Amino acid sequence: MSSPLSVPYREREESVTLERLEAPLAGTEVEADAELLTINIGPHHPATHGVLRLLCTLEGEVVRDVVPLIGYVHTGIEKSCEDQQYWKAITFVERMDYLAYYFNAYAFCAAVERLLDEEVPPRAQYLRVIHMELNRIASHLFWLGTAALDLGAISMLWWSLRDRDMILDLFEMSGGQRLHTRYFQVGGVIEDIPPGFERKTRDFTANMRTRIGQYEALLDENQIFVERLHEVGIVPHERLKDLGVSGPLLRATGDSWDLRKAMPYCSYEHFDFRIPVGTVGDHYDRYRVRIAEMRESMRIVEQALDGLPEGPFITDNRKVALPPRHELATSMEALIYHFKLVTEGFRVPPGEVYEAIESPRGELGCFVVADGSSKPARVHMRDPSFINLQSLHDMAQDDLIADLIASIAMLDPILGGIDR
Amino acid sequence: MIDPTGLELVARAVRGAVGDGSVRDTVHAHGAATLDVPPEDVHEVLGFLHSDADEPFDFLSSLHGCDYFPAEPRLAVHYQLLSTERRERLGVRTRVTVEAAESGVVPTVTDLFPTADFQEKEVFDFFGVRFAGHEDLRRLHMPEDYEGHPQRRDFPIGGEPVLYTFNEQRVPRWYE
Amino acid sequence: MLFEQILFFLAAAGALAGAVGVVVLRNPFFSVLALVGHLLALAVLFLLLRAEFLAAAQVVVYAGAVMVLYVFVVAYVGGIEEPLGPSAGSLRVLGPVFAAALLVEVAIATVGSGLRAVDSAGPDVTAGFGSPQAIGNLLMLRFLIAFEVASYLLLVAAVAAVVLARRRRGLEEAGGERVYQVGRRPERGPQAADPAAAGTGSPGAEPVGEREPADEAGPAEREPATAGTGASRED
Amino acid sequence: MGIAWFVVLSAFIFSIGAAGVLTRRNPLVILLCLELMLNAGNLALIAFARAYGNGDGQVFALVVMVVAACEVVIGLGLIVAMYRNKLPIDADQMSELRG
Amino acid sequence: MSSPLAAVSSAAEVSSPGPLWVQLVKAVVIFALVLQLAPTLVWLERRLLGRFQSRLGPNRVGPAGLLQPVADVIKLVSKESSTPTTAVPWMMAIAPVISIGTAVLTLAIIPFGAPGAYGGEFALAGIDVSIGILYFLAFGSLAFYGLLLGGWASGSKYSFLGSMRAAAQLVSYEVAIGLSLLGVAIAAGSLSLVDIVAAQDKVWFVVPQVVGFLIFLVAGFAEAARPPFDLPEADAELVAGYNTEFGGMRFGTFFLAEYLEIIVISAVAAAVFLGGWHGPGPEFLGPTWMFLKMAVLVLLFIWVRATVPRLRYDQLMSLGWKILLPLATLNVLVTATLVVLL
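Next comes the structure, spelled out in structure tokens:
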């Protein structure tokens, strides 16, 4: 076999074409004399939300086929995690879905906790819920801004990013970082929330309620926006389930499947919230479901703040969690644990576990295999963006290019999560 | 979550429907239930679980590969099934040797669960498991012309040469 | 008058160059562009002849509409280069001959004595000559029948173009509706439209009433601007 | 500026157009050449209108424009139809149009 | 007919063109205006969009960021103009020139003040032609060639799609614009912009011709390819449409042409519908009123851009052909009937 690099770049690029598919243009009616135009949307394109490449076959303005090609930001995080101690791998998994880092971290930590059979204190669980729900709002806000931008409403991006920044301020208060906070720790959270956090969070939710109302007033009462979304990109519920689609996309068809309710984790059963569902599953439903989810998330945050239990914020199992700073100066044991943890990490008994949670984009599963050492033998993320991307073809086929863009926007794919 | 008894009931039903050898082992650990299935029976077992009217596992939440390196058979494909009716998860695992995996012993389940399409590509890409019957099995994340399957445990970490203009003379085999 | 003469020669050169370009260039797209240049030069000549309404009409009608049609068709048919190869019969030989003969004949007719009568700058005309008003008056008063016939001709041509250009599928799919329908999918089944039927029964799940249930207000009756603003706005 | 100049120019453009019609084989270009001839006629009409200070020629030119627009629409429609039916876009081979 | 410049426009002039120096002054003023207005508009739009989007906008270069357009131009000029291998280079070079040329030429007929407002007899417009509205339409339809050649010559699929969209959009909305202006022309009894403005000394045409005004505004947005009708360059779909492959000052020229187009549309709307130079105060304030009205319309352009999402292609077409065109035709019919009856 000759070296791949000896083949000119153009020819290598041409290796991925529709001819390789068994039946190009399956599922659509194209006349024999139709003028087809193959076009690459992406990898660098304003609307692909990252480096997603869509191989589109157009007939005029109508998308007859779309094949998503991915891998342009594949950074091998799953492989890299195998070389990291468990508690250091958290920083890696956080960078997969870079808009929902708390969820990645939680899925991984929960999987490791299950392997360790480690109990998480209730206060830590509530703090996790608060941060995950804030993260959900932040993620949906980013989606709202970019989706509206793709539809041509440019101002939404700045407004939603303004509000997202307030959430990032909160994250900075609690975790010290704005993105990729590594706030969740195996066994709990790394630090208690600082004074003032609660008041600021309440201020935020109160503020955010009016803001969402304003955004709805801007978008929902705009005839152009509504008509761009109405009755577009409908995929039947059964087909979505076959495609493994979960999260708001599935709920937009009227299915109320939400892991927070269906299989509660992290004390979600303590909170009173509703699951917004749509009716027909078009883009408009997807938009409405996400907007409503933000409101529900704010309710959860407020309830969690109201009922925040007293107690430790991390397990007192010193083999898993770092001892508090002040103990290091007084306790020899704490120093030893600290040394062991920092140098070697903790060991996890052999076993494998699949932990699934509800991320802003759907079911986020973390599969961890432990071989008894202090490093995981396998970390796999079932990322919802990755799975949901498969429904793009069904959503966008036989629609116009503009609808394809709207479909990408409503799909809300995060390329970091898709490629990992 | 399926309790151990429930898992045995499922295993018995599967054995009854597909065949005695279709479930090699049942594992119940950390609150998760897993059936260990030989690769040639994977399709029938999943088909049975998928369409069984009593307790259908209608949703394939995840399909992923795994490499249990020192142990043999080394490679494994995991299927995480979910029943939205029962709100229960069930793992199905099949373990194959490297040679068997590359010769295409594991059947595709894309006909049962279209969601498996990308994920089987991913497993093929990272572990080299060749799914028999998959329509369009090719690399997904790695470049088309990549050699090797990077998530196998014996694949070294790091050291991928990256081509820039400043080092294009030094990248191995650039002139070939 | 010097400026006028310079302008005439510039425009005439442009018109001739455009005309030659139309005939000589092998790519139809460039031919079309050459014709656009020719038409613009002609518009300038019209201005020199005090026909400003016609000059504007020339640009609006020809350059703005007719040539756009040409561009569309060239883009659609895909700029086919002139097929080379064996000529088809005697026309290939006779064509240039006839063309040359015509040129000689026309040259004799014009360069000869025939043009003495018009070899002047023409009479002085009033300021309104060639203005929209003058043309309108003529059209509406003296040439009303020609005007009406021309408008019917346009109508017939428009209908004929629609008939010619539509796809041969049957009448119900003719016309511009096609693009509109292609984006729509068939009606979804009742199963997905009804949250209660499609929901998989999580105990705490509760539709927040994003919309009225499907049986009360089907998708056909939904008012786009107000849909979904009911229940969720209050909280 | 002598009107004769305009008339001579019109004659030349007409000849060029006629030459194009006679020599080219692509029906699109033949249509374009027909446009040339019609425009040459227009130019002559307008020149004569100026020569006699009478607006009638301009009205004729206007009508010619209308006719030209119709001709273009029909001609292009024919070409598109031919292209759709995979007929050769070549005036020499349009024998199938004989019915 | 003594001056050479007058000879060009003599055929088309309605009112007296004035002596040569007046023509020269007019030309210089219009060009100076153009070169000032477009960068100012770019600055204004960026500042205002900043305000709309609760951010600051450019504020570093010069006081309140006023020199930002200068910095932009310097950046664009110093950039490399790349040409794809599939492109037709000379055509890529002339396409932006066509775009900006048609926009500048249209500015020539905009009347900024009453004839004789500053003494003399001539109109405060570059040229006052009897075919004013047709002139505007003619150059509007020529502007299409800039977009078409730019997109076609780039040899890129995005550009090609963009230019095809531009062609379809401009053709569709040209008709609506023409019909909406026809109502005014009927009411005023003239096509000359000076006459039309002069006919509005009692009541602006926006009052009797409100339907025409709205149609003109909507179709004007489409004509200038501004949001929500910016489909030819819909950045989310076609990257940048017809100017995807343009860089450096070639892109800058397209950019400038787009803003000039906004100014032209605003100016025509102000002159035709909003009474042009009419306003309270003495006559020499006319240009001020004209500029004020233009500014209001330009602000509307910016405001709409900040607020409204983009239409889809089929929605654009059906809006143009199924709503605007019948409405404009009806408007013309009603206007004509009323003019005949009254």
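Protein chains in written order, with the working numbering: chain A, 119 to 538; chain B, -1 to 174; chain C, 10 to 244; chain D, 25 to 123; chain E, -12 to 329. Even for Gly, the Cβ is constructed at its ideal location relative to N, Cα and C. Since the model is a prediction, treat every value here as computed from it, not as a measurement.
Contact check, residue i vs residue j, beta carbons under 7 Å
{"i": "A25(E)", "j": "L261(E)", "result": "no"}
{"i": "V419(A)", "j": "T328(A)", "result": "no"}
{"i": "Y224(A)", "j": "Q78(B)", "result": "no"}
{"i": "A421(A)", "j": "F389(A)", "result": "Sequence inspection shows Gln at residue 421(A); the Ala mentioned does not correspond to that position. Yes; because the gap between Cβ atoms is below 7 Å, this pair is in contact."}
{"i": "P531(A)", "j": "S503(A)", "result": "yes"}
{"i": "T240(E)", "j": "P102(E)", "result": "no"}
{"i": "I248(A)", "j": "D537(A)", "result": "no"}
{"i": "Y229(E)", "j": "G127(E)", "result": "no"}
{"i": "V115(C)", "j": "V80(C)", "result": "no"}
Closest residue to residue i among the options (Cα-Cα distance)
{"i": "I202(E)", "options": "A74(E), V285(E), V171(E)", "result": "V171(E)"}
{"i": "C227(A)", "options": "R392(A), Y383(A), Q421(A), K458(A)", "result": "Y383(A)"}
{"i": "G19(B)", "options": "E6(B), E38(B), A114(B)", "result": "E38(B)"}
{"i": "L367(A)", "options": "I536(A), L507(A), G194(A)", "result": "L507(A)"}
{"i": "L245(A)", "options": "G194(A), I188(A), F315(A)", "result": "F315(A)"}
{"i": "F343(A)", "options": "R296(A), S385(A), V304(A), Y405(A)", "result": "Y405(A)"}
{"i": "Y300(E)", "options": "I519(A), P441(A), P442(A)", "result": "I519(A)"}
{"i": "E414(A)", "options": "D268(A), Y219(A), R254(A)", "result": "R254(A)"}
{"i": "E210(E)", "options": "A221(E), A186(E), F192(E), V158(E)", "result": "V158(E)"}
{"i": "T397(A)", "options": "Y386(A), R408(A), D373(A)", "result": "D373(A)"}
{"i": "A14(E)", "options": "V48(E), I96(E), K144(E), D59(E)", "result": "I96(E)"}
{"i": "E231(A)", "options": "P186(A), H511(A), A447(A), V307(A)", "result": "V307(A)"}
{"i": "G29(B)", "options": "E345(A), L423(A), E470(A), D310(A)", "result": "E470(A)"}
Three-way DSSP call (helix, strand, coil) for residue i in this model
{"i": "I118(E)", "result": "coil"}
{"i": "Y300(E)", "result": "helix"}
{"i": "A495(A)", "result": "strand"}
{"i": "F391(A)", "result": "coil"}
{"i": "T92(B)", "result": "strand"}
{"i": "G126(B)", "result": "coil"}
{"i": "I475(A)", "result": "strand"}
{"i": "L317(E)", "result": "helix"}
{"i": "F302(A)", "result": "strand"}
Backbone CA spacing between residue i and residue j [nearest angstrom]
{"i": "R130(A)", "j": "F46(B)", "result": "Residue confidence is low: R130(A) scores 45 on pLDDT, short of 50, so the model does not pin down where it sits. No coordinate-derived value is stated."}
{"i": "S68(E)", "j": "R237(E)", "result": "7 Å"}
{"i": "L134(E)", "j": "G100(E)", "result": "32 Å"}
{"i": "P274(E)", "j": "G207(E)", "result": "22 Å"}
{"i": "G270(A)", "j": "G480(A)", "result": "26 Å"}
{"i": "M326(A)", "j": "T108(B)", "result": "43 Å"}
{"i": "P233(C)", "j": "Q40(E)", "result": "Residue confidence for P233(C) is low, a pLDDT of 36 falling below 50, so the modelled location carries little weight and cannot support an answer."}
{"i": "S179(E)", "j": "I118(E)", "result": "6 Å"}
{"i": "F464(A)", "j": "A380(A)", "result": "32 Å"}
{"i": "W29(D)", "j": "A75(D)", "result": "12 Å"}
{"i": "P51(D)", "j": "E232(E)", "result": "33 Å"}
{"i": "E177(A)", "j": "G149(E)", "result": "15 Å"}
{"i": "P54(B)", "j": "E86(B)", "result": "10 Å"}
{"i": "R297(E)", "j": "L482(A)", "result": "33 Å"}
{"i": "L336(A)", "j": "Q149(B)", "result": "47 Å"}
{"i": "A43(D)", "j": "V168(C)", "result": "32 Å"}
{"i": "E245(E)", "j": "A130(E)", "result": "10 Å"}
Classification of residue i by the beta-carbon crowding that lies within 10 angstroms, buried from 16 upward
{"i": "K197(A)", "result": "buried"}
{"i": "A68(D)", "result": "buried"}
{"i": "V197(E)", "result": "exposed"}
{"i": "P478(A)", "result": "buried"}
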